[in-house]
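This report refers to the structure that appears directly beneath it.
2 protein chains.
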Amino acid sequence: MELRIDRQAPVPVIQQIVEALTCWLRCNGLEPGARLPSVRQIARINLLSQSCVVEACERLVAQGVLASRHGAGFVVAATAAIAHTEAVWLEGAEDKEGAPSCELQLGGGGLPESWRETDDLAYAIRQVSRTDMAGLFNYSTPLGLPALRGQMLKRLKRLDINAEDSQILTTSGASQALDLIVRALFKPGESVVVESPGYPMLFDLLRLHGVSMLEVPRTPQGPDVAVLEALLLEHRPRGLFINSFHHNPTGCSLTPGVAQQVLQLAKDHDVLVIEDDVYADLHNGPGKRLAALDNGVIYVGSYSKTLSSSLRVGFVVASNEVIARLAEVKMISSMGASRFCESVLACLLANGAYRKLVQRQRQRLNNDRQAALQQLEDAEWEVFGKPTGGLFIWARSRMSDYAQVRIQARRFGVVLSSATAFDPAGAANEWQRINVACACDPRARAFFQATARDRPQAF
Amino acid sequence: MELRIDRQAPVPVIQQIVEALTCWLRCNGLEPGARLPSVRQIARINLLSQSCVVEACERLVAQGVLASRHGAGFVVAATAAIAHTEAVWLEGAEDKEGAPSCELQLGGGGLPESWRETDDLAYAIRQVSRTDMAGLFNYSTPLGLPALRGQMLKRLKRLDINAEDSQILTTSGASQALDLIVRALFKPGESVVVESPGYPMLFDLLRLHGVSMLEVPRTPQGPDVAVLEALLLEHRPRGLFINSFHHNPTGCSLTPGVAQQVLQLAKDHDVLVIEDDVYADLHNGPGKRLAALDNGVIYVGSYSKTLSSSLRVGFVVASNEVIARLAEVKMISSMGASRFCESVLACLLANGAYRKLVQRQRQRLNNDRQAALQQLEDAEWEVFGKPTGGLFIWARSRMSDYAQVRIQARRFGVVLSSATAFDPAGAANEWQRINVACACDPRARAFFQATARDRPQAF
Chain P
1 MELRIDRQAP
11 VPVIQQIVEA
21 LTCWLRCNGL
31 EPGARLPSVR
41 QIARINLLSQ
51 SCVVEACERL
61 VAQGVLASRH
71 GAGFVVAATA
81 AIAHTEAVWL
91 EGAEDKEGAP
101 SCELQLGGGG
111 LPESWRETDD
121 LAYAIRQVSR
131 TDMAGLFNYS
141 TPLGLPALRG
151 QMLKRLKRLD
161 INAEDSQILT
171 TSGASQALDL
181 IVRALFKPGE
191 SVVVESPGYP
201 MLFDLLRLHG
211 VSMLEVPRTP
221 QGPDVAVLEA
231 LLLEHRPRGL
241 FINSFHHNPT
251 GCSLTPGVAQ
261 QVLQLAKDHD
271 VLVIEDDVYA
281 DLHNGPGKRL
291 AALDNGVIYV
301 GSYSKTLSSS
311 LRVGFVVASN
321 EVIARLAEVK
331 MISSMGASRF
341 CESVLACLLA
351 NGAYRKLVQR
361 QRQRLNNDRQ
371 AALQQLEDAE
381 WEVFGKPTGG
391 LFIWARSRMS
401 DYAQVRIQAR
411 RFGVVLSSAT
421 AFDPAGAANE
431 WQRINVACAC
441 DPRARAFFQA
451 TARDRPQAF
Chain L
1 MELRIDRQAP
11 VPVIQQIVEA
21 LTCWLRCNGL
31 EPGARLPSVR
41 QIARINLLSQ
51 SCVVEACERL
61 VAQGVLASRH
71 GAGFVVAATA
81 AIAHTEAVWL
91 EGAEDKEGAP
101 SCELQLGGGG
111 LPESWRETDD
121 LAYAIRQVSR
131 TDMAGLFNYS
141 TPLGLPALRG
151 QMLKRLKRLD
161 INAEDSQILT
171 TSGASQALDL
181 IVRALFKPGE
191 SVVVESPGYP
201 MLFDLLRLHG
211 VSMLEVPRTP
221 QGPDVAVLEA
231 LLLEHRPRGL
241 FINSFHHNPT
251 GCSLTPGVAQ
261 QVLQLAKDHD
271 VLVIEDDVYA
281 DLHNGPGKRL
291 AALDNGVIYV
301 GSYSKTLSSS
311 LRVGFVVASN
321 EVIARLAEVK
331 MISSMGASRF
341 CESVLACLLA
351 NGAYRKLVQR
361 QRQRLNNDRQ
371 AALQQLEDAE
381 WEVFGKPTGG
391 LFIWARSRMS
401 DYAQVRIQAR
411 RFGVVLSSAT
421 AFDPAGAANE
431 WQRINVACAC
441 DPRARAFFQA
451 TARDRPQAF
């Protein structure tokens with residue numbers, strides 16, 4: 001069992017062992033009860049100390065992946081099989097083709113596991129557990145912890161979004177923010193405009209609530225304004241959902257010109273604009289948010305993409321009236337967010353650790369994005385638009401037989417994004433969401449090279 | 001500023017100072033920027049060490065209640081006013097009459113702050129932050145953490161509820177469990193039966209989703225079976241929500257006879273039964289759950305009432321088919337629960353701390369319940385039914401002028417439960433939900449005595 005531990009990596013060795021063991025277990029499909037190689041053996045082959053290996057195994061016991069059996073060392077836990085099934089389900093949420101889960105998620109929607117930094121977060125968690133007793137027990141306040149909302153408002157001010165304290169509501173991730181907006185502000189049978197391609201979960205949410213979707217094509221500059229105007233004239237929709245900056249899946253941001261036109265159209269046709277800006281902190285460049293240009297815009301943000309998806313903290317900024325309606329649905333449907341998690345986030349925002357974290361992430365993403373664009377160019381892929389920030393590039397291979405692209409991906413252990421998820425109606429297309437943080441992995445490089453080699457001579 | 005610190009109480013002194021200061025700030029209505037008495041002064045008057053007072057003030061700074069101003073010591077923070085408004089909103093969710101919030105919540109729905117025990121929970125939080133890296137960052141699995149679900153199933157087995165691993169889904173508190181059930185299994189325009197009196201949040205949820213409610217009166221033995229049968233015959237509702245044990249607000253549990261009749265009626269009329277059992281762990285007596293008698297029943301549980309409302313962990317047990325539908329809506333609307341919080345709860349269930357905690361809570365509640373029933377008897381209140389477990393007694397004063405009861409309550413700083421919240425249609429009545437954990441407080445004793453003195457001679 002060779003674990004490929006990188007002692008130079010910023011990720012602690014024990015965490016690397018945990019991840020490598022998890023990957024090894026999944027790839028080898030061991031049955032519950034199956035015995036692992038001995039700790040001594042794993043340590044010897046990988047030049048590790050036995051205590052590190054034991055610690056890693058103990059963590060996997062705590063996670064329910066392994067069990068410790070007296071005399072037999074560590075064995076696969078009875079629940080590990082379910083963990084595996086679920087992992088596939090979760091990772092396959094956007095690609096249901098069932099690829100084995102230790103492959104490279106080139107089309108994945110988040111930062112890779114190896115980018116996550118534990119120290120500051122663990123410190124904040126311990127800090128809150130020592131000092132904020134209310135955080136351990138109580139519900140949060142309906143709008144969210146005041147100290148946290150204060151920190152959020154400071155960051156928004158730097159984006160020229162000026163809101164009062166009563167205009168910001170914390171949510172359980174951006175998912176709950178969108179859910180509350182759909183439930184509180186739209187009725188089944190009404191219609192809204194969504195971008196195509198766009199965010200799959202939003203499409204699911206709208207379908208769940210019986211709201212019909214009108215598709216506006218997303219260009220590299222933002223929604224296609226001519227189509228938008230025609231839709232507004234013909235169908236009189238009540239809302240417009242826009243992922244303004246570092247758009248999922250194209251990575252492109254709204255230009256100032258398009259932003260102005262969109263807002264004017266929304267005003268003329270009395271349409272509620274919902275701005276999804278969950279990738280905001282992954283870029284620090286110029287560009288005004290819609291909510292900075294028009295205070296009638298409902299603005300959605302999140303910390304899941306940068307800090308942790310586990311804390312489940314996002315937020316909405318809107319008028320007092322809208323926030324009051326959203327807060328009511330939030331309280332009825334969930335009694336609010338986890339106060340503990342809100343306290344942890346407030347601590348990281350207040351002590352500056354979050355700011356430094358996203359600075360590191362931006363720097364790293366900028367480097368990776370350049371490298372990824374170069375690779376795509378070398379492989380002669382068509383790039384939709386060159387993003388200046390965020391996680392994604394939207395691109396397609398010029399191979400004549402598109403099935404071959406997926407075959408090559410499988411060959412190199414690369415999981416591509418879904419061919420249908422980003423289309424509101426579920427239509428298939430050949431564009432791929434490329435996660436720039438994964439594009440420099442050797443598997444991705446090999447995959448891109450293979451698609452270059454196999455391209456027809458015409459290109 | 002006299003803080004009344006009790007050095008014999010199990011609550012740490014610093015926590016007591018935090019609570020007393022919060023209470024003092026609220027009651028004195030200080031404006032943002034107003035200066036607190038000096039640390040030295042507070043320490044001297046209350047015979048406390050200055051370091052304890054400073055630590056307590058620092059915690060209030062972290063909570064956004066105080067600010068630390070150089071040269072001026074501690075002052076009221078700019079956000080404190082909002083914290084106050086929100087606290088009133090939250091506590092007033094069931095009583096919007098706006099009582100000042102350092103009064104006794106005699107009608108409150110949870111255990112008092114002073115009952116909460118921090119050590120085990122803080123230990124588990126630190127443990128998870130040290131060992132479970134995935135818990136710090138990742139989404140949980142769609143059904144919930146396998147290790148946690150395994151522990152939940154063990155506890156359910158002791159209630160004779162036998163479910164497979166794929167039949168349990170974690171949720172963000174029982175609130176999300178009920179929300180998912182309403183959204184995934186019922187359509188707007190359909191009707192369901194609810195108990196009257198019953199759980200206010202359920203009524204709000206059903207209204208939000210456009211599901212109409214048919215009321216079955218709750219007797220001390222359970223729902224009135226004759227009325228239930230008539231409703232099923234006349235209206236053909238699709239669902240029946242029952243809070244089977246230690247019912248909110250009456251405190252009474254379903255008898256075995258009524259349970260059998262309810263299940264038979266549900267079977268005959270093809271009605272989905274949803275059993276809300278969030279108070280289960282506050283009693284360990286006999287009595288079979290509906291879900292133990294019929295595996296078609298959908299069962300809802302929670303850890304908010306015993307361990308912490310901040311972790312936001314509840315669960316649903318149902319058939320594979322129903323769980324799959326609920327999980328889908330859960331993922332679409334919230335991307336699942338906080339994996340970190342799920343890991344913390346799993347740790348407390350595994351190491352036995354949770355089991356010991358609820359044993360202590362039950363013992364204490366049993367004593368308090370006896371004392372509360374005695375007080376009600378002395379004050380000649382009418383008791384709806386004598387509960388054998390849980391948090392509540394449902395009772396009403398025999399005072400002829402009922403407004404006088406509320407006046408007496410205000411006089412002694414006692415906040416009563418809402419007169420209308422427990423009725424599905426919002427009708428007013430004279431019954432009170434008495435939280436037994438608060439009934440022995442001197443303010444409650446004085447209030448009950450006053451209602452006894454003022455009763456008419458006829459009684």
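Chains as they are written, first to last, in the numbering used here: chain P, 1 to 459; chain L, 1 to 459.
Ideal Cβ positions, reconstructed from N, Cα and C, are used throughout, including at glycine.
- In the structure shown, residue 429(P) falls within a coil segment according to DSSP collapsed to helix, strand and coil.
- Between residue 36(P) and residue 23(P), the gap from beta carbon to beta carbon reaches 9 angstroms or more.
- Counting along the chain, residue 178(P) sits inside the alpha helix (DSSP H) bounded by residues 173 to 185.
- Close CB contacts of residue 243(P) within its chain, under the 7 angstroms cut and outside five residues either way in sequence, are with 195, 198, 199, 276 (chain order).
- In terms of Cα proximity to residue 30(P), the closest of 66(P), 121(P), 117(P), 142(P) is 66(P).
- With contacts defined as CB atoms closer than 9 angstroms, residue 391(P) and residue 289(P) fail to qualify as a contacting pair.
- Residue environment: residue 109(P) is assigned as buried (16 or more neighbouring CB atoms within 10 Å of its CB, all protein chains considered).
- Against residue 306(P), chain L offers no close residue; the least beta-carbon distance is about 11 angstroms (beta-carbon pairs closer than 9 angstroms).
- Among the residues facing chain L, residue 113(P) is included, as its CB has a counterpart in that chain under 9 angstroms away.
- Looking at the backbone, the Cα of residue 231(P) and that of residue 202(P) are separated by about 19 angstroms.
- Apart from sequence neighbours up to five positions away, the residues of its chain that approach residue 339(L) with a beta-carbon distance below 6 angstroms are 135, 138, 140, ordered along the chain.
- Its Cα nearest to that of residue 293(L), the residue 254(L) stands out among 254(L), 181(L), 388(L), 413(L).
- At the C-beta level, residue 314(P) and residue 174(P) come within 9 angstroms of one another.
- Rounded to the nearest whole angstrom, the CA to CA distance from residue 368(L) to residue 435(L) is 10 angstroms.
- If you draw a 10 Å sphere on the C-beta of residue 330(P), you find 16 or more other C-beta atoms in it, and that means buried.
- At a Cβ-Cβ threshold of 9 angstroms, residue 317(L) and residue 301(L) count as neighbours.
- Taking CB atoms only, residue 315(P) has no neighbour in chain L less than 9 angstroms away.
- Residues of chain P whose Cβ lies closer than 9 angstroms to the Cβ of residue 188(L) are, in chain order, 188, 210.
- Going by DSSP, residue 321(P) is part of the alpha helix (DSSP H) stretching over 320 to 334.
- For the stretch 363 to 426 of chain P, the continuous alpha helix (DSSP H) assignments of 4+ residues that do not extend past its boundaries occur at 402 to 411, in sequence order.
- When Cβ-Cβ separations below 9 angstroms define contact, residue 179(P) makes contact with chain L.
- Residue 384(P) is not a Cβ neighbour of residue 372(P), given a cutoff of 9 angstroms.
- For residue 295(P), the nearest beta carbon of chain L is not closer than 9 angstroms to its own beta carbon.
- Residues of the stretch 396 to 425 of chain L that bring their beta carbon within less than 7 angstroms of a beta carbon in chain P are absent altogether.
- Distances from the alpha-carbon of residue 217(P) to those of 378(P), 241(P), 171(P) put 241(P) closest.
- When secondary structure is reduced to three states using DSSP, residue 199(L) falls in the coil class, being assigned neither helix nor strand.
- The residues 95, 106, 107, 405, 406, 409, 432, in chain order, have a CB closer than 8 angstroms to that of residue 416(L) in the same chain once the five nearest residues on each side in sequence are set aside.
- In the DSSP assignment, residue 215(P) is bridged to 194(P).
- Straight across, the Cα-Cα distance linking residue 133(P) with residue 12(P) is about 30 angstroms.
- A check of alpha carbon separations from residue 239(P) across 41(P), 225(P), 40(P), 298(P) identifies 298(P) as the nearest.
- Comparing alpha carbon positions, the residue from 445(P), 451(P), 151(P), 426(P) closest to residue 403(P) is 451(P).
- Taking a 10 Å sphere around the C-beta of residue 59(P), we find 16 or more other C-beta atoms and assign the residue as buried.
- CA-to-CA, the gap between residue 236(P) and residue 269(P) works out to about 7 angstroms.
- Within the DSSP bridge table, the entry for residue 274(P) names 241(P), 298(P) as partners.
- At a cut-off of 9 angstroms, the C-beta of residue 321(L) has no neighbouring C-beta in chain P.
- For residue 44(P), no Cβ of chain L is located within less than 9 angstroms of the residue's own Cβ.
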